[in-house]
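Residue numbers (our numbering), protein chains in the order written: chain L, 1107 to 1404; chain W, 81 to 358. We put the beta carbon where it would ideally sit given N, CA and C, even for glycine.
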Amino acid sequence: MSLAARARTNWSARSRQERLGLRLLLPVFGTVLVIATIPFILAVIRATTADDGRFIGIDNFTKALGNTQLYESVKQTGVYAALVLPTEILLGLALALLVHRTVKSVALRAVIYVAAMIPIVIPQIAIGVVFRLVYAPDYGILNALLGDTGHNQILWLSSPPLAMLSVASVDIWQWTPFVYLIMFAGLQTVPVESIEAAQLDGATSWTQFRHIELHYLRPLLLLVIFFRIADVLRVFDHVYVLTGGGPGTTTEFLSLYLYRVAFRFSDLGQASALAVVVMAAMTAFYTLISRFLPAEKG
Amino acid sequence: MLRMATRVATGLILLIAVAVFVFPLYYLVVTSLKTKAELFAAVPTLFPHAPTLAPYFSVLVTRAMSGLLMNSVIAGLSATALALVVAFAICYPITRLPVSRGLRTFVLNWALSLRFLTPIAVVIPYFTIVRAIGLYNQLPALIFVYALFNLPLAIWMLKGFLEEIPLEIEEAALVDGATRFHAFRTVLLPLSGTGLLAAGIIVFAFDWAEFLYAFILTATPKAMTFPVGVQGLVTQFEIIWNDMAAGGVIAIVLPVTLMLFARRYVMTGLTFGVIREK
């Protein structure tokens, strides 16, 4: 029985309890809400004033939005997302189906479960270190394994098309297990009876997936996309360690671009304008996609 | 016959997946055990010929990064405690009292929306605030921002745990004449222990791993956290690979250990309570 239904049976008790709820919730939540909103307001103020405190209107915004580098970084972020999201989802889903169908041993499943969680909990900085040891020239193990240590070795992190792929591969390495875990958990919720019925009807592995399992996985797929998009839009740490946004600006994603404007060029006016635009865009984007979210709405 | 072939094929695929997955981590550990001499071998080696713990000593003692480790622990524990207290204060009314559905949904959705806020966009104005109020290069600045940023996760995890504790248990105490606070302290709080611990571990692991805020809001070893120190090892003029690897290993050990303890709750935390371990 829901709280509301329970409370309806006793109106006077309800109003008293509801008042108590508001008295407890509003001061704390209100404070948090204000604190969380302050950076946005300050960014607006900083973006519209000059260093000497003069109001300068939208100059910083026109400067920020007129900079082609911004669109370049948005484009790179898009390419990165287009590389990692489909790969992680397809690979994670395929592995989940494979283990679900073929690995029946409970112990082995438990081992895979724990192992798959390892990359997810590793700090991004350490992931950067790990893959520097893999991709770096001279000392990187990948070139050594390929038998290439001389002058014409492959520069995984510093030749334009490869750097993007290398950085993306790190994301795929770290987050495919996350997709796997969610998909595998989803597959466990598929009722055994419907699978057995389908198999009696002679369903193939594919039709079983397409017509039964996918139905149960769909909300989880949306969830994965939601969380992965949120992460891809903020990606910074491992790229900073691996390429620093280079070569040139070929792996300079949105976060790295904002970092450069704010803390390398120390143009806090323009950076604040960018921050306002990004915060507003993310909020709008969240509002847009959150309605598709399977998460309980409270 | 065909069955046998499929089995071998799937076994092979899984084996390759595991190898690709494990090898980089293996190589990290191996590198962290190498001597300096071995680093300069023409071809990098796959096994340490004379395993040594010297790189760990070098990182923690010679480079004095144990201090950064301490900062990470202090910042992480304080921020976790703060986030849990605030999250509990928010979750108690929305799960135990008849707060209107609209308000409840608003609180939860707002918390989820924070997940979409890009840290770099927030740190730009936050940097100005922190400098203005004299908290630059001080741990409290980090503690505060970590607590705020992990609040959504803490709220969603605690909400899930609190919903699982039947209202009747508390009501029984209330009927027996206990005050609401007394019922909270003697009945609900002890029952929330597991939930608080699980949420605490996950939140702490996130604080521990955080890099960007610490990178921008600190400048000296006084307040720098361990990940910032590790990043420093990477970009130094001459890269000392074994020290860098040792730093990486140290950064990894704690969250992985915590994960082993809290493994039933990791996915719950990462998916804001959607995936539940049975």
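At the level of alpha carbons, what is the spacing between residue i and residue j?
i, j, result
"Ile1288 (chain L)", "Leu338 (chain W)", "20 Å"
"Leu1268 (chain L)", "Pro104 (chain W)", "19 Å"
"Ser272 (chain W)", "Val354 (chain W)", "19 Å"
"Leu1197 (chain L)", "Tyr1286 (chain L)", "8 Å"
"Ser1372 (chain L)", "Ala278 (chain W)", "41 Å"
"Pro1297 (chain L)", "Thr1183 (chain L)", "39 Å"
"Leu1126 (chain L)", "Arg176 (chain W)", "11 Å"
"Gly1404 (chain L)", "Val1330 (chain L)", "Caution applies to Gly1404 (chain L), whose pLDDT of 39 falls short of 50 and renders its modelled position unreliable; the model cannot decide the point."
"Glu1402 (chain L)", "Arg356 (chain W)", "For Glu1402 (chain L), the pLDDT reaches just 48, beneath the cut-off of 50, and the residue's location in the model is therefore unreliable, leaving the point undetermined."
"Tyr226 (chain W)", "Ile200 (chain W)", "14 Å"
"Ser193 (chain W)", "Thr1389 (chain L)", "7 Å"
"Ala1223 (chain L)", "Leu340 (chain W)", "It is worth fixing the name first, because residue 1223 (chain L) is Met in this sequence and not Ala. Straight-line Cα distance between these residues: approximately 9 Å."
"Arg344 (chain W)", "Ile281 (chain W)", "12 Å"
"Leu268 (chain W)", "Glu244 (chain W)", "11 Å"
"Arg181 (chain W)", "Leu1128 (chain L)", "12 Å"
"Pro246 (chain W)", "Thr274 (chain W)", "15 Å"
"Ala122 (chain W)", "Val1367 (chain L)", "40 Å"
"Leu140 (chain W)", "Ala1386 (chain L)", "42 Å"
"Leu113 (chain W)", "Ala289 (chain W)", "23 Å"
"Val314 (chain W)", "Thr351 (chain W)", "32 Å"
"Val88 (chain W)", "Phe1332 (chain L)", "36 Å"
"Thr1355 (chain L)", "Ser1275 (chain L)", "18 Å"
"Val100 (chain W)", "Tyr106 (chain W)", "10 Å"
"Ala1336 (chain L)", "Ala252 (chain W)", "43 Å"
"Val1341 (chain L)", "Ser1361 (chain L)", "7 Å"
"Phe1161 (chain L)", "Ile209 (chain W)", "19 Å"
"Glu248 (chain W)", "Val110 (chain W)", "55 Å"
"Ser1311 (chain L)", "Leu1239 (chain L)", "40 Å"
"Gly214 (chain W)", "Gly1159 (chain L)", "20 Å"
"Glu1302 (chain L)", "Thr1313 (chain L)", "13 Å"
"Leu57 (chain W)", "Ser1121 (chain L)", "The structure shown does not extend to residue 57 (chain W), since chain W is modelled only from 81 to 358, so the question has no answer here."
"Ala342 (chain W)", "Gly349 (chain W)", "10 Å"
"Leu242 (chain W)", "Pro270 (chain W)", "12 Å"
"Ala1309 (chain L)", "Thr1193 (chain L)", "27 Å"
"Pro1133 (chain L)", "Thr259 (chain W)", "21 Å"
"Gly1136 (chain L)", "Arg1152 (chain L)", "24 Å"
Under the assumption that residue i contacts residue j (Cβ atoms under 8 Å), give the Cβ distance between them as a whole number of angstroms.
i, j, result
"Phe1359 (chain L)", "Ser1211 (chain L)", "The pair is not a contact, with the Cβ atoms about 41 Å apart (cut-off 8 Å)."
"Leu228 (chain W)", "Ile1141 (chain L)", "7 Å"
"Gly1292 (chain L)", "Leu1328 (chain L)", "Actually they do not touch by this definition, with Cβ atoms about 11 Å apart."
"Leu222 (chain W)", "Tyr293 (chain W)", "6 Å"
"Asn230 (chain W)", "Ala159 (chain W)", "7 Å"
"Asp287 (chain W)", "Ala155 (chain W)", "6 Å"
"Asn1166 (chain L)", "Thr1154 (chain L)", "7 Å"
"Ala163 (chain W)", "Val283 (chain W)", "6 Å"
"Pro335 (chain W)", "Val1227 (chain L)", "4 Å"
Contact between the region 186-205 of chain W and the region 225-242 of chain W (3+ Cβ pairs under 8 Å) | yes
Touch test, the region 1242-1257 of chain L against the region 1274-1288 of chain L, Cβ-Cβ under 8 Å, three pairs minimum | no
Is the region 1240-1247 of chain L in contact with the region 1261-1272 of chain L, if contact means three or more CB pairs nearer than 8 Å?
-> yes
Using a beta-carbon distance cut-off of less than 9 Å, what residues from the region 1217-1232 of chain L approach chain W?
-> Ile1218, Tyr1219, Val1220, Ala1221, Ala1222, Met1223, Ile1224, Pro1225, Ile1226, Val1227, Ile1228, Pro1229, Gln1230, Ile1231, Ala1232
Unbroken alpha helix (DSSP H) runs of length 4 or more, entirely within the region 259-322 of chain W: which are they?
-> 260-263, 273-289, 292-297, 306-315
Cβ pair count under 8 Å reaching 3, the region 1158-1172 of chain L against the region 1374-1384 of chain L = yes
Would you say the region 198-215 of chain W touches the region 1142-1149 of chain L, given that touching needs at least three Cβ pairs under 8 Å?
-> yes
At a Cβ cut of 9 Å, what residues of the region 1280-1296 of chain L count as close to chain W, listed as they run along the chain?
-> Thr1282, Pro1283, Phe1284, Leu1287, Ile1288, Ala1291, Gly1292, Gln1294
Report yes or no: do the region 1230-1239 of chain L and the region 1338-1350 of chain L share at least 3 C-beta pairs separated by less than 8 Å?
-> yes
Is the region 295-304 of chain W close to the region 146-161 of chain W, with three or more CB pairs under 8 Å?
-> yes
Take every Cβ of the region 123-139 of chain W, pair it with every Cβ of the region 323-334 of chain W, and state whether three or more of those distances are shorter than 8 Å.
-> yes
Could you give the uninterrupted runs of the beta strand (DSSP E) lying entirely in the region 1248-1281 of chain L, keeping only those of 3 residues or more?
-> none
Report the residues of the region 244-272 of chain W with a CB closer than 8 Å to any CB of chain L, ordered along the chain.
-> Leu247, Arg260
Any residues in the region 1142-1163 of chain L with a beta carbon nearer than 7 Å to a beta carbon of chain W? Which ones, in chain order?
-> Ala1142, Pro1145, Leu1148, Ala1149, Arg1152
Could I get the ranges of all uninterrupted beta strand (DSSP E) runs contained in the region 1300-1325 of chain L, with 3 residues as the minimum, in chain order?
-> none
Is the number of C-beta pairs between the region 93-104 of chain W and the region 1195-1209 of chain L that are closer than 8 Å three or more?
-> yes
May I have a chain-ordered list of the beta strand (DSSP E) segments no shorter than 3 residues that lie completely inside the region 1140-1180 of chain L?
-> none
For the region 1169-1194 of chain L, which residues have a beta carbon sitting closer than 7 Å to at least one beta carbon of chain W?
-> none
Contact list for the region 293-317 of chain W against chain L, Cβ threshold 7 Å = Ile296, Pro307, Val310, Gln311, Val314
Mind listing which residues of the region 347-358 of chain W have their C-beta closer than 9 Å to chain L's C-betas, in chain order?
-> Met347, Leu350, Thr351, Phe352, Gly353, Val354, Ile355, Arg356, Glu357, Lys358
Check each residue of the region 1298-1322 of chain L: if its Cβ is closer than 7 Å to any Cβ of chain W, include it; give the result in chain order.
-> none
Every unbroken alpha helix (DSSP H) within the region 1177-1232 of chain L, with a cutoff of 4 residues, ordered by chain = 1212-1227
Could you name the residues of the region 124-155 of chain W whose beta carbon sits closer than 7 Å to any beta carbon of chain L, in the order they occur along the chain?
-> Pro124
Runs of beta strand (DSSP E) wholly within the region 103-161 of chain W (minimum 3 residues, chain order) = none
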